[in-house]
Amino acid sequence: MNELAQAATAEDLRRFFIERANSGDVEGLVALYEPDAVLALPDGGTAIGADAIREFYDELLANKPTFAPGTPRP
């Protein structure tokens, strides 16, 4: 069983995201999405599909930001 199959709650996914982002694991982040997922971007645009999502995270993580748990939004 892989790690994604073990993600039973939104909290699990949030933890996986933070761990992967902080380690610079772009492929691990992309694996959290369905192949045809649509990611809403901060600038109002969208990244459609795994390749576009990968490109977004490649650029985002290039500066090595640090992510921390915050208050979940509905």
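Heads up, the sequence shown is in the working numbering, so the first residue is 179 and it goes up one at a time. We put the CB at the ideal spot given by N, CA and C, even for glycine.
- L239 places its beta carbon less than 8 Å from that of G202.
- Assigned with DSSP and collapsed to three states, A209 falls in coil, not helix or strand.
- Per DSSP, the beta-bridge partners of L217 are A225.
- Taking 8 Å as the cut-off, the beta carbon of F234 is found no closer than this to the beta carbon of N200.
- In the structure shown, F245 falls within a coil segment according to DSSP collapsed to helix, strand and coil.
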